[in-house]
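In mature numbering (1 follows the signal peptide of the UniProt record, and there is no 0), the protein residues as written are -22 to -1, 1 to 293.
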């Protein structure tokens, strides 16, 4: 294909030199590429600083891929007359009408079509040729393996795995909410160079449902990942409620029951001794304080005693 295109340009340069009416100033051009999905159509648009139908400049659209110094002309156009422009395109490329714009389409974008494109031509100013990059985006899938890696009283650090091909336009959005709440708090613009993030401003000792999704600069986004539960550190008990921690309860009843069982015989013995001692004291007191018996005399004995008393005293 390339030898045919070169032969065509040589024929045009020899046969039609008088039809090239270009301005003395160089052409400025800018290329725009539309991001597409692989397997669908793509488009490169050339924006010229003048209407090529009036200046009759030969022009081309070149593909550099990911190289700086090597390129391939995917479309080359030359003027056969003031009303007849002829273009030759590589397989898979088509083109539209030419004016101050020129559109090149790709029927089925593959990896072979990706990379840098530039719109060039006769007397185009090199430093005013602005290229574009054709990127084919894949269908974004949510991140996976969301898990907690650290926490403080007011923050949670999570990590995840991105299952997509990352590029400079990829960012992440992180959101979280308490399990019983319906409102999420979200954080946008997490850079693609990191697959972890710390969420601040949370409540101590609280569970949060956390999920992540992928964002692209073109506005495309993945679905939210499956949520995972992460928890902040809880405050110490004495700090949380300003009260002393509850002391552990020890049941002392077995100890006292054992002591009572061991002392019961001794206690019974002491009680018995105590009552025996009291009984002995009572008996001893009765013998010490017993009154003397009163002697009863008959009346006759009393009379005789009184009558014979003097004589007895005289004797």
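Glycine residues also receive a C-beta, built at the ideal position from the N, C-alpha and C atoms. Since we're looking at a predicted model, the values are computed, not measured.
Between which two residues does the beta strand (DSSP E) containing residue i stretch?
| i | result |
| --- | --- |
| residue 32 | That residue, residue 32, is in no beta strand (DSSP E); its alpha helix (DSSP H) goes 30 to 33. |
| residue 101 | Note, residue 101: premise wrong, no beta strand (DSSP E); not H, not E. |
| residue 135 | 134 to 139 |
| residue 61 | Run containing residue 61: none; DSSP gives neither H nor E here. |
| residue 155 | 148 to 155 |
| residue 205 | Counting along the chain, residue 205 falls outside any beta strand (DSSP E), and DSSP gives it neither H nor E. |
| residue 128 | 122 to 129 |
| residue 169 | 163 to 169 |
| residue 111 | 110 to 112 |
| residue 173 | Note, residue 173: premise wrong, no beta strand (DSSP E); not H, not E. |
| residue 72 | 71 to 73 |
Alpha carbon to alpha carbon, how far is residue i from residue j?
| i | j | result |
| --- | --- | --- |
| residue 56 | residue 48 | 22 Å |
| residue 114 | residue 63 | 31 Å |
| residue 222 | residue 134 | For residue 222, the pLDDT reaches just 49, beneath the cut-off of 50, and the residue's location in the model is therefore unreliable, leaving the point undetermined. |
| residue 176 | residue 35 | 57 Å |
| residue 152 | residue 12 | 28 Å |
| residue 119 | residue 142 | 7 Å |
| residue 248 | residue 260 | 19 Å |
| residue 232 | residue 239 | 11 Å |
| residue 1 | residue 33 | Bear in mind that a pLDDT of 43 at residue 1, under 50, signals an unreliable position, so the model cannot answer this. |
| residue 108 | residue 9 | 6 Å |
| residue 163 | residue 179 | 10 Å |
| residue 137 | residue 148 | 16 Å |
| residue 28 | residue 106 | 13 Å |
| residue 243 | residue 214 | 51 Å |
| residue 236 | residue 246 | 16 Å |
| residue 192 | residue 168 | 9 Å |
| residue 132 | residue 123 | 23 Å |
| residue 174 | residue 207 | 15 Å |
| residue 111 | residue 92 | 7 Å |
| residue 241 | residue 130 | 57 Å |
| residue 71 | residue 54 | 11 Å |
| residue 197 | residue 121 | 17 Å |
| residue 43 | residue 59 | 33 Å |
| residue 204 | residue 81 | 42 Å |
| residue 69 | residue 51 | 12 Å |
| residue 101 | residue 66 | 20 Å |
| residue 73 | residue 160 | 52 Å |
| residue 22 | residue 127 | 45 Å |
DSSP has residue i in a bridge; who is on the other side?
| i | result |
| --- | --- |
| residue 91 | In DSSP, residue 91 forms no bridge with anything. |
| residue 43 | 94 |
| residue 180 | Answer by DSSP bridge pairing: none, since residue 180 is not bridged. |
| residue 9 | 24 |
| residue 79 | 25 |
| residue 193 | 149 and 199 |
| residue 186 | 208 |
| residue 295 | With the chain represented from -22 up to 293, any question about residue 295 goes unanswered, as that position is not in the structure. |
| residue 37 | 55 and 99 |
| residue 244 | According to DSSP, which records beta bridges pairwise, residue 244 is partnered with nothing at all. |
| residue 50 | 41 |
| residue 66 | 54 |
Does the stretch 26 to 45 touch the stretch 89 to 97, meaning 3 or more C-beta pairs lie closer than 8 Å? yes
For the stretch 14 to 30 against the stretch 85 to 95, are there 3 or more C-beta pairs whose distance is under 8 Å? yes
Check whether the stretch 155 to 167 and the stretch 187 to 195 are in contact - that is, three or more C-beta pairs closer than 8 Å. yes
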